[in-house]
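Chains as they are written, first to last, in our numbering: chain A, 1 to 202; chain B, 203 to 460.
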């Protein structure tokens with residue numbers, strides 16, 4: 001699948017890793033000019049050309065932390081970055097963990113912070129409408145993750161494998177798609193059914 | 203977006219109407235062969251006639267024999283069904299009243315078409331899909347199944363039922379190679395809703411101005427925008443998404459605008 005980002009500028013910031021690298025590559029392959037940003041350091045720069053797309057990747061998109069911890073600084077930075085580009089950018093896409101949809105036992109601080117990003121997707125969608133749409137992609141087990149994240153996210157689902165990078169990126173592309181202009185405030189789940197229910201029989 | 207649907211067979215219920223027609227067109231434009239199913243046979247033929255290679259089938263979603271016959275026609279023509287779009291659905295315009303006065307016939311009509319019909323057609327299409335070992339089902343729900351509205355009790359119940367049935371179906375059918383997702387439109391400009399927005403009744407127009415203030419994007423969707431969501435749920439690369447409810451509602455259910 002492909003989307004048309006020819007002639008468009010995409011900003012990408014937040015956590016680095018295989019997913020961010022894959023997203024950057026896919027956006028470029030679909031025609032965008034990519035700039036890397038630091039979400040915490042964004043001021044409104046009226047002289048810079050207007051970006052079409054702002055992608056913010058939470059460290060939660062890279063799996064579970066080694067020990068439970070929150071990161072409210074990340075949420076503040078993301079909020080700051082979105083507001084810096086409000087009115088100029090047309091698409092905002094945040095990427096977080098599916099722990100933001102259904103919390104992971106033993107990771108309450110992490111899950112709550114990820115859930116705050118899901119909530120913020122909804123409220124920023126209301127604040128920035130109609131010029132800008134704001135959506136998110138929530139990620140469960142991903143190929144290449146350490147075994148702990150994958151096993152937690154796959155334990156109750158019928159899916160016997162983690163998502164491939166391409167499957168997660170498909171959702172990111174859809175959220176960035178210029179033809180997809182009526183979806184806003186939505187979190188796309190690419191989580192193998194983590195947020196859906198039990199695959200076992202009761 | 204563009205997705206490669208060449209060689210894929212899409213079965214669309216309610217294919218003669220707004221979202222069904224736009225979906226048939228968009229998926230055909232991306233290479234799919236389309237089966238346009240509708241209780242309105244002339245309408246289905248008209249849409250199929252607009253698309254090279256498409257066929258039309260008359261089908262009342264409530265009738266299992268109709269559904270079986272329609273699925274058999276699709277398989278006879280194309281050999282398989284890759285994607286079923288359960289789009290057929292109705293709501294009431296004339297009976298916007300509280301449940302204590304909501305007519306029994308209208309309850310059964312709406313639940314019968316919107317929810318029971320979805321079960322009937324899904325069961326029929328699953329016969330070839332399960333044998334194939336692959337397939338996708340896309341169930342068209344509504345914001346009313348997510349955020350309850352007053353005076354539409356049957357529609358709210360049916361659409362909420364569709365959303366949760368989608369999850370149950372996903373959990374059951376995943377091991378059989380079948381992905382099941384739902385899509386919830388909000389306000390959509392179709393022939394069916396056009397009378398709400400542009401009808402003779404001036405009081406509706408006044409109400410609509412207030413209505414749009416609740417939608418962050420401030421307008422109804424075009425049917426093509428709903429079809430984009432259905433295209434995404436059909437896209438081969440989107441192969442890990444199942445049990446998901448895709449909101450395409452202009453932000454209506456994001457929260458209260460005021």
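Every residue, glycine too, gets a C-beta built ideally from N, C-alpha and C.
Pick from the options that is closest to residue i, judged by C-alpha positions
i	options	result
residue 217/B	246/B, 308/B and 310/B	246/B
residue 1/A	352/B, 229/B and 287/B	229/B
residue 114/A	155/A, 76/A and 147/A	76/A
residue 224/B	295/B, 349/B, 352/B and 253/B	253/B
residue 112/A	83/A, 123/A, 149/A and 72/A	72/A
residue 367/B	28/A, 31/A and 197/A	197/A
residue 208/B	382/B, 334/B and 438/B	438/B
residue 212/A	22/A, 125/A and 3/A	There is no way to answer for residue 212/A, as the model of chain A reaches only from 1 to 202.
residue 195/A	360/B, 425/B, 370/B and 293/B	370/B
Close Cβ partners of residue i (< 6 angstroms) along its chain, the five nearest in sequence each way excluded
i	result
residue 59/A	15
residue 54/A	11, 85, 89 and 92
residue 285/B	212, 338 and 436
residue 231/A	With chain A represented from 1 up to 202, any question about residue 231/A goes unanswered, as that position is not in the structure.
residue 262/B	241 and 268
residue 163/A	142 and 190
residue 51/A	9, 11 and 89
residue 279/B	257
residue 255/B	235
Cα-Cα separation, residue i to residue j
i	j	result
residue 99/A	residue 70/A	12 angstroms
residue 311/B	residue 340/B	22 angstroms
residue 174/A	residue 434/B	7 angstroms
residue 220/B	residue 109/A	46 angstroms
residue 365/B	residue 301/B	21 angstroms
residue 414/B	residue 423/B	11 angstroms
residue 6/A	residue 178/A	11 angstroms
residue 459/B	residue 391/B	21 angstroms
residue 441/B	residue 128/A	31 angstroms
residue 205/B	residue 314/B	34 angstroms
residue 429/B	residue 328/B	23 angstroms
residue 376/B	residue 159/A	7 angstroms
residue 270/B	residue 281/B	15 angstroms
residue 150/A	residue 140/A	7 angstroms
residue 372/B	residue 324/B	12 angstroms
residue 260/B	residue 272/B	7 angstroms
residue 166/A	residue 172/A	10 angstroms
residue 264/B	residue 319/B	5 angstroms
Close Cβ partners of residue i (< 8 angstroms) along its chain, the five nearest in sequence each way excluded
i	result
residue 118/A	96, 100, 101, 136, 138 and 187
residue 249/A	The first residue shown for chain A is 1 and the last is 202, placing residue 249/A beyond what the model contains.
Residue(s) in a DSSP beta bridge with residue i
i	result
residue 14/A	57/A
residue 9/A	33/A
residue 235/B	211/B
residue 381/B	338/B
residue 187/A	136/A
residue 387/B	450/B
Other residues of its chain near residue i: CB distance less than 7 angstroms, five sequence neighbours each side excluded
i	result
residue 152/A	64 and 104
residue 144/A	18
residue 449/B	386 and 455
residue 451/B	345, 386, 387 and 388
residue 297/B	304, 305 and 308
residue 331/B	283, 337 and 380
Original post:
If contact means a Cβ-Cβ distance below 8 angstroms, which residues of the stretch 84 to 112 of chain A contact chain B?
Top reply: none
Members of the stretch 410 to 427 of chain B near chain A, C-beta cut-off 7 angstroms
418, 419, 420, 423 and 427
For the stretch 443 to 455 of chain B, list every residue whose C-beta sits within 8 angstroms of some C-beta in chain A, in sequence order. 443, 444, 445, 446, 448, 449, 450, 451, 452, 453 and 455
>> Along the stretch 118 to 144 of chain A, where does the CB come closer than 7 angstroms to a CB of chain B? Name the residues.
In response: 122, 123, 125, 126, 129 and 130
Quiz item: Which residues, in chain order, does the stretch 355 to 378 of chain B contribute to contact with chain A at a C-beta distance below 7 angstroms?
Solution: 369, 372, 373, 376 and 377
*Listed from N- to C-terminal order along the chain, which residues in the stretch 5 to 37 of chain A have their beta-carbon within a distance smaller than 8 angstroms of any beta-carbon of chain B?*
Under the 8 angstroms Cβ criterion, the stretch 5 to 37 of chain A contributes no residue.
**Asked** If contact means a Cβ-Cβ distance below 7 angstroms, which residues of the stretch 144 to 168 of chain A contact chain B?
**Response** 158, 159, 163, 166 and 167
- Item | Short-range partners of chain B found in the stretch 63 to 87 of chain A, where Cβ spacing is below 9 angstroms | For the stretch 63 to 87 of chain A, which is checked against every Cβ of chain B, not one residue is closer than 9 angstroms.
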